[in-house]
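Novice:
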Amino acid sequence: MIRDMKNNSLKSLAEYDEALKFINKEDYPYHYAGICHSKGVAFICLAQTEQMEENIEKAFRSYEEALSIYREEDYPKEFAKVKINQALAYTYHFRMRGENDDLEKGIDAYNACLKYVSKDEDPLGYAKTLSNLGILYIQNFMVKPTKENLNKTVSTIEEALKIYTMDKYPLLYAANQNNLGFVYLVSPYNEDREKNLYRGLEALNNALKVYTAGDYPYYYGIAHINKGRVYTYLSDFKDSEENCREAIRHFEEALKVFTADRYPFYYAEACTHMALAYKKLSNYDDLKGNTLKSIERYNEALNFYTLESYPVYFASILQSLGSSYIQLSYVENSKENIYRAIRAYENAFKVYTEESFPYYYSDTLIYMGDAYEYLSTIENTVENSLESIRYYQKALDYSIEQGINLRTSWLYLRMAKSYVHMAWAKDRKENIKKALEACNKALEIEDTKNNATAYGNANFVLAQIHLILSDFEEKEENLVKALNASDESLKIFGVNDGKTRVEILRIKGDIYCKLAEVKDSEENLQKALDIYDEALNIFKLRGERFPEIYASIYCSRSEALNRLAHIKDREKYIGEALLSCKEAMEIYTVDAYPLGYARAWHIMGDIYMNLGSIRDRNENLRLARESYDKALKVYTMEKNPQFYKEITEKKSIIYNEK
0 MIRDMKNNSL KSLAEYDEAL KFINKEDYPY HYAGICHSKG VAFICLAQTE
50 QMEENIEKAF RSYEEALSIY REEDYPKEFA KVKINQALAY TYHFRMRGEN
100 DDLEKGIDAY NACLKYVSKD EDPLGYAKTL SNLGILYIQN FMVKPTKENL
150 NKTVSTIEEA LKIYTMDKYP LLYAANQNNL GFVYLVSPYN EDREKNLYRG
200 LEALNNALKV YTAGDYPYYY GIAHINKGRV YTYLSDFKDS EENCREAIRH
250 FEEALKVFTA DRYPFYYAEA CTHMALAYKK LSNYDDLKGN TLKSIERYNE
300 ALNFYTLESY PVYFASILQS LGSSYIQLSY VENSKENIYR AIRAYENAFK
350 VYTEESFPYY YSDTLIYMGD AYEYLSTIEN TVENSLESIR YYQKALDYSI
400 EQGINLRTSW LYLRMAKSYV HMAWAKDRKE NIKKALEACN KALEIEDTKN
450 NATAYGNANF VLAQIHLILS DFEEKEENLV KALNASDESL KIFGVNDGKT
500 RVEILRIKGD IYCKLAEVKD SEENLQKALD IYDEALNIFK LRGERFPEIY
550 ASIYCSRSEA LNRLAHIKDR EKYIGEALLS CKEAMEIYTV DAYPLGYARA
600 WHIMGDIYMN LGSIRDRNEN LRLARESYDK ALKVYTMEKN PQFYKEITEK
650 KSIIYNEK
């Protein structure tokens with residue numbers, strides 16, 4: 000296990016087979032069983048380098064053969080030792096196949112041997128049992144990530160470390176420190192998450208005091224994968240870009256050991272985690288480039304982690320790959336990449352079933368809901384919003400049942416957002432009331448206010464809700480509430496949160512446009528234009544843009560300019576409105592963004608109507624009518640009744656004025 004694992008395991012197996020030519024079961028049963036036990040251990044080592052499932056199955060057969068001699072009543076100590084290693088084999092088999100039955104068999108195996116291992120009589124055997132039990136608890140914790148299971152896993156490993164000290168047993172000390180670090184890095188996302196990650200980092204640094212590249216390359220690589228993962232997750236809390244880059248550095252260090260030819264399993268694992276680091280880095284630098292690197296790494300991993308051979312890894316990577324496709328959809332080929340994400344999630348459901356992996360099944364439900372929520376802003380608003388809510392509701396039921404409060408809050412906010420989208424298309428009053436109800440439920444959860452990101456998002460959603468509510472009741476009061484909510488959200492999301500901040504600024508600009516209908520028209524329209532320009536400057540600072548949001552801002556900007564033209568310098572502001580709308584149309588094609596396309600042509604129709612009031616009346620009314628007709632290709636009575644009605648009324652005005 001220290002170096003050249005494959006060749007040394009093969010040599011060991013060859014030696015054991017040679018010994019078995021002379022030591023048979025009938026004449027030398029005790030020694031025969033001992034060799035079978037050792038063969039099982041060698042097969043597990045070999046499984047780390049090639050043909051994992053086949054070699055684990057061979058290990059199981061070797062252990063069973065050993066146990067046919069080492070019966071509990073005849074050889075209790077030997078029986079216990081074999082059961083320990085058999086239990087460890089079940090943990091590897093679980094990682095590969097994801098069958099909960101393996102965890103139960105592993106636990107049964109440990110329970111069978113624990114009564115023969117005493118801390119006082121056999122401290123090393125006791126520590127080994129706890130160490131391996133800790134590995135099994137890690138797997139169980141990943142299926143059921145509760146605080147109780149975290150504490151049980153940590154306490155088991157820490158108990159083993161009371162015996163496995165660095166001065167007496169450095170290699171075993173390092174192995175358990177590495178396991179402890181891993182437990183902390185997969186700890187639940189709650190108020191202790193950041194502290195647990197730093198605890199994990201401390202444990203992994205302890206492991207690397209022993210695990211050097213020269214002496215223990217395999218373990219050195221494992222520890223660096225785990226450190227990379229810790230830094231990736233720490234990027235969620237502070238020094239985001241720096242921690243992502245530090246994570247990538249650790250994965251690159253691991254790949255110096257884990258090459259595709261010698262350690263294909265761990266090569267694929269390093270690629271998987273490096274992909275996540277690139278994906279997170281893309282939020283702070285080179286969105287498109289780093290997302291593409293993320294997708295490339297995930298696909299490399301999938302060359303090895305297939306559905307047939309490694310279903311659990313296969314599903315996990317597909318879940319992450321789908322998320323990367325969603326990220327890529329923000330900057331290019333939006334619909335195409337969203338549908339790629341949906342296909343990835345659908346394949347993940349082949350493994351992450353409600354029965355076998357309820358937590359990860361729930362995760363995938365959320366990802367699928369997010370995909371349809373985003374798709375609803377591009378096409379088929381009502382159908383896709385309803386689909387997103389269907390997925391969110393199922394995930395919400397599980398989250399409430401399990402008492403996962405912060406996740407419950409996020410799901411209410413996601414549902415509220417989907418209802419907001421529907422409110423723009425159909426049954427506005429009914430859907431916006433549902434959005435408000437969902438948002439209030441999120442804010443009733445204490446964890447929402449204690450989590451800055453959740454609280455910021457809640458206020459962002461509230462701003463949109465009050466903006467739409469202002470169409471029905473207490474117009475000015477709701478618009479003031481919308482402004483206050485957007486300001487609360489902007490306190491949390493800074494310039495580094497580029498996409499989210501830009502979206503909030505766009506909504507804030509829209510609120511000022513609406514407020515201009517109530518009072519201080521010129522002043523509020525100018526405020527809206529200043530805010531839109533602030534949002535567009537963020538794109539300039541980042542050196543990249545999110546095409547759909549960019550186009551949406553230009554649409555909002557053109558609406559504000561067209562309305563300002565009714566107040567002063569009509570021809571000047573109409574000209575600017577036309578240019579702004581045409582900028583949006585460069586992105587909003589009917590195939591790529593049908594809803595954006597319809598919105599842009601709707602606005603263009605309004606601009607031509609305004610222009611027709613000052614010159615070339617018939618020509619501009621004709622252009623207005625043609626613009627409205629293009630919008631109605633998407634805004635049908637069936638799918639977008641509110642916009643359909645609004646545009647057809649405007650068209651009737653044109654016909655009446657002829």
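When we follow numbering that gives the first Met the number 0, the leftmost residue of the sequence shown carries the number 0, and every step to the right adds one. Don't be surprised by glycine CBs; every beta carbon is placed ideally from N, CA and C. All values derive from a computational prediction rather than experimental measurement.
1) Let's see if you can read the secondary structure: which residues bound the alpha helix (DSSP H) around N282?
2) Compare the beta carbon distance of N84 and V142 with 7 Å and say whether it is the shorter of the two.
3) Using only the alpha-carbon positions, how far apart do E381 and V419 sit?
4) Compare the C-alpha of I464 against each of L482, K448, T447 and Y454 and name the closest.
5) Short check: CB of K24 to CB of Y15, under 7 Å?
6) Closer than 6 Å by C-beta to M367: which residues in its own chain qualify, once you throw out the five before and the five after it? Chain order, please.
7) So the alpha helix (DSSP H) N439 belongs to, where does it begin and stop?
8) Are the region 429-442 and the region 642-652 touching by the rule of at least three beta carbon pairs closer than 8 Å?
9) Check for me: the alpha helix (DSSP H) holding S408 runs from which residue to which?
10) Rounded to whole angstroms, what is the Cα-Cα separation between M0 and I68?
11) If you draw a straight line from the C-alpha of K638 to the C-alpha of I467, how long is it?
12) May I have the straight-line CA-CA distance separating Y596 from N225, to the nearest angstrom?
13) Quick check on DSSP: helix, strand or coil for D470?
14) State the DSSP-derived secondary structure class of R614, mapped to helix, strand or coil.
15) With distances taken between CB atoms, is the gap from A559 to N609 smaller than 7 Å?
16) Less than 6 Å between C-beta atoms, sequence neighbours within five positions excluded: which residues of the same chain meet that for V460?
17) CB-CB under 8 Å to L12, same chain, minus the five flanking residues each way: which ones, in chain order?
18) For M421 versus S384, is the C-beta distance shorter than 7 Å?
19) Have a look at Y329 and F545 and give me their C-alpha separation to the nearest angstrom.
20) Using only CA atoms, which one of D107, N617 and M636 lies nearest to I653?
21) If we ignore side chains and look at the alpha-carbon of each, how far apart do A79 and N177 end up?
22) Does L540 come out as helix, strand or coil in the three-state DSSP assignment?
23) Using C-beta distances below 6 Å, list every residue in its chain close to L306, excluding the 5 sequence neighbours before and after it, in chain order.
24) Measure from the alpha carbon of R456 to the alpha carbon of each residue in E487, E476, I444 and K480, then state which is nearest.
25) To the nearest angstrom, how far is the alpha carbon of A630 from that of R598?
26) For Y232 and Y91, I'd like the C-alpha separation in whole angstroms.
27) Return helix, strand or coil for S488, following the three-state DSSP convention.
28) Would the region 234-243 count as touching the region 214-223 if we require 3 or more Cβ pairs under 8 Å?
Specialist: Result, derived from the coordinates:
1) Secondary structure note for N282: it is in no alpha helix (DSSP H), with a DSSP letter that is neither H nor E.
2) Between N84 and V142, the CB-CB gap reaches or exceeds 7 Å.
3) Correcting the residue type first, residue 381 is Val in the shown sequence and not Glu. The alpha-carbon atoms of V381 and V419 are separated by roughly 10 Å.
4) For the options L482, K448, T447 and Y454, the alpha carbon positioned closest to that of I464 is the one of L482.
5) In this structure, K24 lies away from Y15, with their beta-carbon atoms at least 7 Å apart.
6) Here the set comprises Y344 and Y390.
7) Element bounds for N439: R427 to E443.
8) Cβ pair count under 8 Å is below three, so no.
9) Residues N404 to A424.
10) Bear in mind that the predicted position of M0 carries a pLDDT of just 46, short of 50, making it unreliable; the figure below should be weighed with that in mind. Rounded to the nearest whole angstrom, the C-alpha separation of M0 and I68 is 27 Å.
11) So the alpha carbons of these two residues sit roughly 19 Å apart.
12) Here the alpha carbons of N225 and Y596 stand approximately 46 Å from one another.
13) DSSP places D470 in the coil class of the three-state scheme, outside both helix and strand.
14) R614 falls in the coil class under three-state DSSP.
15) No Cβ-Cβ contact shorter than 7 Å links A559 with N609.
16) L412, A415, K416 and C438.
17) Cβ neighbours of L12 beyond the five flanking positions: K38, A41, F42 and L45.
18) Yes, the pair counts as a contact, with Cβ atoms nearer than the cut-off.
19) Using only the alpha carbons, I get a separation of about 5 Å.
20) Checking every option, the nearest Cα to that of I653 belongs to N617.
21) The straight-line gap from Cα to Cα measures roughly 25 Å.
22) DSSP places L540 in the helix class (H, G or I) of the three-state scheme.
23) For L306, where only same-chain residues beyond five positions count, the Cβ hits under 6 Å are F313.
24) According to the sequence displayed, residue 456 carries Asn and not Arg. The candidate whose alpha carbon is nearest that of N456 is E487.
25) Each residue's alpha carbon lies about 7 Å from the other.
26) The C-alpha of Y91 is placed about 25 Å away from the C-alpha of Y232.
27) The three-state reading of DSSP puts S488 in helix, counting H, G and I together.
28) In the pairwise beta carbon analysis, the region 234-243 is classified as not touching the region 214-223: fewer than three pairs are separated by under 8 Å.
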